[in-house]
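For the sequence shown, the tail end lands on 1296 under the numbering used here, and the numbers increase by one without skipping.
The beta-carbon is built from N, C-alpha and C at its ideal position, and this holds for glycine as well.
Data block below; observations after.
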Amino acid sequence: MINASEPKHQKLPRDKITPEYIAQIRALRRERHEREQRELELKQIRTKFFIKRPILYVPNKQEQRQQQKVAHDNQFINIKIMTYNTLAQTLIRRTTFPDSDDAIKWHNRSKVLMREIKYYHSDILCLQEVDKIQWERFWAEALAEVDYKGEFFTYPGKVHGVAIAWNTEIFDENPVDVIPLILDKIIAGDNIRTSTRTRSVALIVALKFKQTHTQPSISDKPNGIIVATTHLFWHLFGTFERTRQCYIILEKLHHIRQRLIHSGLCKYWYTFWTGDFNSQPCDPPYLSITEKPIKLTGRPKAIIECSTSYQYSKRRNGELSNKSDSSDSEGNNDDEEDSIPDNQPTEPRPYTYVATPEQSTLVQKLLDLHNRVPLKAVSLYGLGYHLVHPENSNPSTTNSEPQLSHISLKWEGLLDYIFLVKPWDPTNSEESSNQDIIENVERDCHLHIKGYLKMPLAEEMPHHTEPHTGEYPSDHLAMMCDLELEL
């Protein structure tokens, strides 16, 4: 055998240069070339870190915005809002991410996550699945180094939660208000309690714009901004509970808006609601906040009524010990066979379902509550993403949302949203949320939508699990809107 460390041009007698020797030399050269190629690829990956996506700008908007500014003498400020499920390290299992190799290790992922956040440089950053221990050890300090101040909240005893951070060059460092919500403890209406222990939370912060030299002189009462983020209950049969949680958060946003409006601190309070809703655009949680008045029919009605028939396990309900948070991640249910009641539904998304009178009444009571909240949510991606990326705006879904924000071994689709929350008049039967178009929303809500962080098509995604080195550091994709808000 030839030693791989031999000199490259070792001179041998002619009788030693056999076909076997030549084959060995060629094999060594191939091996060296492949090793150099791998090292080059690794170097490129280390330089690249993650797949960088562009902001897609809405066409023909710049001239229109400039005309409006001149005509009304209005001042605007540019704000980018991001939502990002960063994948809690405590939820990671090798079996769930078999192709991720070292990309799932926290010392690798944390660096890529921060590089990604710095690269997109949003002014409002809403995070889900943030490990409590990593918020204390990593996130708070890393965000502070790039001029973010943040708030974190989680269910007591739970190891991951949600966070909101804001750019202190744009907003006052100290928030006007911080409102954490433990959704299990809040009753919807008079008596619609949580159907099981979900340990889901929401976090709401109210912020004032900072008066700095970067902003023109404006009135003594500039506008403010309310930001909410949440990670709704994950369970295949959790549709009713997620719809209940949506009502609770929207109702809380209404009361917070009213209180802040009456406080006189600001002229107008922009309100945004972001997060991982564990729901698709065709599902009742999404429909209940975006289509008002909400009237469920067909498959969405069957899905939510069927979900009321599901009986959660003793472990889920807290009657048995469960120290793991794995059930909070998509694709994991902690209902163990020995603790699940008999006669359970087997299809979580039926096309038809024969509900009992009690189930129909319960669902209708919840929908009636939704229809009494004088607010509605407008998905910003659903509102205008078709203008910048029509091939990735599915016309078969409500509001032509992009195809996906989450990828896993078993499923891919859209679960994450950035909602603009605006007033809605329940007494006006002619007001329909189905007529929302970008021009009307911009006019009524005193803002302009400049652009969207590009979302990949399903066929553009790599054919393996994420996180993956040089690609994405989470199994969710960050979503971001570039806006102009009137001051």
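Burial state of residue i (16 or more Cβ within 10 Å)
i	result
L1223	buried
K1101	buried
G751	Any answer about residue 751 is impossible in this case: the structure gives the chain only from 810 up to 1296.
H1022	Any reading at H1022 must be qualified, since the residue scores a pLDDT of 35, below 50, and its modelled position is unreliable; no value is offered.
D824	exposed
D911	exposed
I1098	buried
L1266	exposed
W1220	exposed
I1258	buried
Y957	buried
H969	buried
I979	buried
Q1054	buried
R1051	buried
G966	exposed
P1276	buried
V921	buried
L1059	buried
N1249	exposed
Q943	buried
K889	buried
H930	exposed
A897	buried
N1152	exposed
Q1212	buried
E1251	buried
V1172	buried
V955	exposed
Rounded C-alpha distance that separates residue i from residue j
i	j	result
P1235	V1014	26 Å
E982	K1019	8 Å
S1122	G959	36 Å
T892	P989	18 Å
S1116	S1088	13 Å
P1025	G998	At P1025, the pLDDT of 49 sits below 50, so the modelled position is not reliable; the number obtained from the coordinates is stated separately. Distance between the alpha carbons of P1025 and G998: 45 Å.
K941	N1237	44 Å
L1292	Y1056	26 Å
S1202	S1209	5 Å
I1035	L1016	6 Å
S1217	S1072	46 Å
K1263	N1180	33 Å
S919	Y830	48 Å
L1189	E843	47 Å
A951	M923	8 Å
H1272	D908	10 Å
L1296	N887	10 Å
E1167	Y1119	14 Å
T1038	Q884	27 Å
I1246	V1230	14 Å
T1155	A1111	13 Å
R838	P828	15 Å
I995	P1109	25 Å
I826	E840	20 Å
T895	L1069	31 Å
T905	F962	26 Å
G1047	H1063	24 Å
L1178	L1196	34 Å
Q846	Q833	20 Å
Y964	A836	59 Å
E1269	P1199	15 Å
C1091	H1044	17 Å
Distance between beta carbons of residue j and residue i, contact taken as under 8 Å
i	j	result
L1164	E1114	Note on identity: in this sequence residue 1164 is Ala, with Leu being the wrong assignment. Contact holds; Cβ gap of about 4 Å.
P1282	E938	Not a contact, Cβ separation roughly 12 Å.
L1105	P1093	6 Å
I991	V1010	6 Å
I1001	L1175	6 Å
K861	Y928	7 Å
I788	G1193	Residue coverage of the chain in this structure runs from 810 to 1296, which leaves residue 788 outside it and unanswerable.
F1042	T1083	Actually they are not in contact, since the Cβ atoms of F1042 and T1083 sit about 17 Å apart, beyond 8 Å.
R754	T1005	The requested residue 754 is not part of the displayed model; the chain covers only 810 to 1296.
P1232	L1294	Between L1294 and P1232 the Cβ distance is about 16 Å, and since that is not below 8 Å, they are no contact.
Within-8 Å CB hit, residue i to chain D
i	result
H1198	In the structure shown, chain D cannot be found, because there is only a single protein chain.
Contact between the region 1070-1087 and the region 1149-1160 (3+ Cβ pairs under 8 Å): no
Any chance the region 969-982 sits against the region 930-941, with 3 or more Cβ pairs inside 8 Å? yes
Return the chain-ordered ranges of every alpha helix (DSSP H) run that is complete within the region 884-961 and spans a minimum of 4 residues. 915-929, 949-953
Should the region 943-961 be called in touch with the region 914-924, which here means at least 3 C-beta pairs below 8 Å? Between the region 943-961 and the region 914-924 there are three or more C-beta pairs closer than 8 Å, enough to call the two in contact.
Okay, do the region 1225-1233 and the region 1281-1295 touch, 3+ Cβ pairs below 8 Å being the bar? In this structure the region 1225-1233 lies against the region 1281-1295, because at least three pairs of beta carbons, one per stretch, are closer than 8 Å.
Complete alpha helix (DSSP H) runs within the region 1148-1193 (minimum length 4 residues, chain order): As far as the region 1148-1193 is concerned, its whole alpha helix (DSSP H) runs of at least 4 residues are 1166-1181, 1189-1193.
Which residue spans inside the region 971-1029 form an unbroken beta strand (DSSP E) run of at least 3? 986-991, 1010-1017
What ranges does the alpha helix (DSSP H) occupy inside the region 1208-1265, keeping only unbroken runs of at least 4 residues that lie completely in it? 1247-1254
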